[in-house]
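Participant: What follows is a single structure, and I will ask about it in a moment.
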Amino acid sequence: MNANAFRQFYEYHFSENRKIWDSYVTSLPYGKFIQDAGYSHGSVREQILHLMGVDEVWFNELQGIESSELLTSSNVDDRDIIRSHWDSIEKRMRNFLAELKDDDLFDRPIIEPEEDKELMVWQVLLHVVNHGTDHRAQILRGLNDLGIKTTSQDFIFYLYEHLK
Numbered sequence: 002m003n004a005n006a007f008r009q010f011y012e013y014h015f016s017e018n019r020k021i022w023d024s025y026v027t028s029l030p031y032g033k034f035i036q037d038a039g040y041s042h043g044s045v046r047e048q049i050l051h052l053m054g055v056d057e058v059w060f061n062e063l064q065g066i067e068s069s070e071l072l073t074s075s076n077v078d079d080r081d082i083i084r085s086h087w088d089s090i091e092k093r094m095r096n097f098l099a100e101l102k103d104d105d106l107f108d109r110p111i112i113e114p115e116e117d118k119e120l121m122v123w124q125v126l127l128h129v130v131n132h133g134t135d136h137r138a139q140i141l142r143g144l145n146d147l148g149i150k151t152t153s154q155d156f157i158f159y160l161y162e163h164l165k
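Just add 1 to the spot in the sequence shown (first one is 1) and you have my numbering.
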């Protein structure tokens, strides 16, 4: 286990997040963007807010930083605000990962909440990538239910594309 492996997992995570945004969300009619899917966090919008909120909370916990207010429901098309906030979260995550060393993976830096104190950095990093994969799958399912043809987000296909 090494920091470079986690950086690669996160390149996949960021790439797939952007693929969903660029390939589907930007062209999605606003009504479909906020349409309740009837499972998990509901609409594509709420799924995205959850995915990026979890990324932010866990990376903030790893750094001892208090999280900002999560974006709330909106009656207007706020995709530009969401994208800007997501870009900011990704940038902070990239900065953390750029400084990550192999030995850091076994640290237990989380002070609060109590239940997270025993988690090692590598466990949190793996959880966040796995969580992202889960919720992107839910988003893709929701988009499919809205009649939109989607593609796979399998890690192996990312590798085939990026290891050429």
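Note that CB positions come from ideal geometry on N, CA and C, so glycine has one too.
As the structure is a prediction and not an experimental result, all values here were calculated from the model.
Checking 8 Å against the spacing of the C-beta atoms, do Q48 and Q139 come in under that value?
Facilitator: Working through the sequence shown from its first residue, we reach residue 48 at position 47. Working through the sequence shown from its first residue, we reach residue 139 at position 138. For Q48 and Q139, yes; Cβs fall inside 8 Å.
Participant: For E70 and F7, I'd like the C-alpha separation in whole angstroms.
Facilitator: Residue numbering aside, residue 70 sits at position 69 when the sequence shown is read from its first letter. Residue numbering aside, residue 7 sits at position 6 when the sequence shown is read from its first letter. Rounded to the nearest angstrom, the two C-alpha atoms are 27 Å apart.
Participant: Cutting at 8 Å between CB atoms, please list the residues of its own chain near A4, excluding the five before and the five after it.
Facilitator: Counted from its first residue, the sequence shown places residue 4 at position 3. If we look at A4 and ignore the five residues flanking it on each side, its Cβ neighbours are L98, L101, K102, D103, D105 and L106.
Participant: What residues in its chain sit with their C-beta under 7 Å from that of M169, if we drop five residues either side in the sequence?
Facilitator: The requested residue 169 is not part of the displayed model; the chain covers only 2 to 165.
Participant: Are there 16 or more other CB atoms within 10 angstroms of the CB of S25, so buried, or fewer, so exposed?
Facilitator: Sequence index remark: in the sequence shown, residue 25 carries index 24 (1-based). Before going further, note that residue 25 is Tyr rather than Ser in the sequence given. So Y25 counts as buried.
Participant: Does the segment 38-58 come close enough to the segment 79-99 to have 3 or more Cβ pairs within less than 8 Å?
Facilitator: yes
Participant: Can you confirm whether the segment 116-136 touches the segment 56-67 when touching is taken to mean that 3 or more C-beta pairs between the two stretches lie within less than 8 Å?
Facilitator: Judged by Cβ distances under 8 Å, the segment 56-67 makes contact with the segment 116-136, as three or more pairs qualify.
Participant: Which value, in whole angstroms, describes the spacing of the CA atoms of G133 and G32?
Facilitator: By one-based count along the sequence shown, residue 133 stands at place 132. By one-based count along the sequence shown, residue 32 stands at place 31. If I take the Cα positions, the gap works out to 24 Å.
Participant: Straight-line CA distance for F156 to G54?
Facilitator: The count along the sequence shown starts at 1 and reaches residue 156 at position 155. The count along the sequence shown starts at 1 and reaches residue 54 at position 53. If you take the alpha carbons of F156 and G54, they lie about 22 Å apart.
Participant: According to DSSP, simplified to helix, strand and coil, what is D104?
Facilitator: Numbered from 1 along the sequence shown, position 103 holds the residue referred to as residue 104. D104 sits in a helix when the DSSP states are folded into three classes.
Participant: Which stretch, first to last residue, makes up the alpha helix (DSSP H) that contains E47?
Facilitator: Here residue 47 is taken as the residue at index 46 of the sequence shown, counted from 1. Unbroken alpha helix (DSSP H) run through E47: V45 to Q64.
Participant: Taking the alpha carbon of G65 as the point to measure from, which residue in P114, F15 and N145 has its own alpha carbon closest?
Facilitator: As a working note, residue 65 is residue 64 in the sequence shown. The candidate whose alpha carbon is nearest that of G65 is P114.
Participant: On the CB-based measure, 16 or more other CB atoms within 10 Å of its CB, does V125 come out buried or exposed?
Facilitator: Stepping through the sequence shown from its first residue, residue 125 is reached at position 124. The residue is buried, with at least 16 neighbouring Cβ atoms inside 10 Å.
Participant: Can you tell me where the alpha helix (DSSP H) holding N131 begins and where it ends?
Facilitator: Your numbering for residue 131 matches position 130 in the sequence shown. Per DSSP, N131 belongs to the alpha helix (DSSP H) from V122 to D146.
Participant: Enumerate in chain order the residues of its own chain whose CB-to-CB distance from L120 is below 7 Å, with the five nearest sequence positions on each side excluded.
Facilitator: Numbered from 1 along the sequence shown, position 119 holds the residue referred to as residue 120. So the qualifying residues of the chain are R109 and I111.
Participant: Hey, out of S75, E91, S41 and R93, whose CA is closest to G143's CA?
Facilitator: Reading the sequence shown from its first residue, position 142 is the one you call residue 143. The shortest C-alpha separation from G143 is found at S41.
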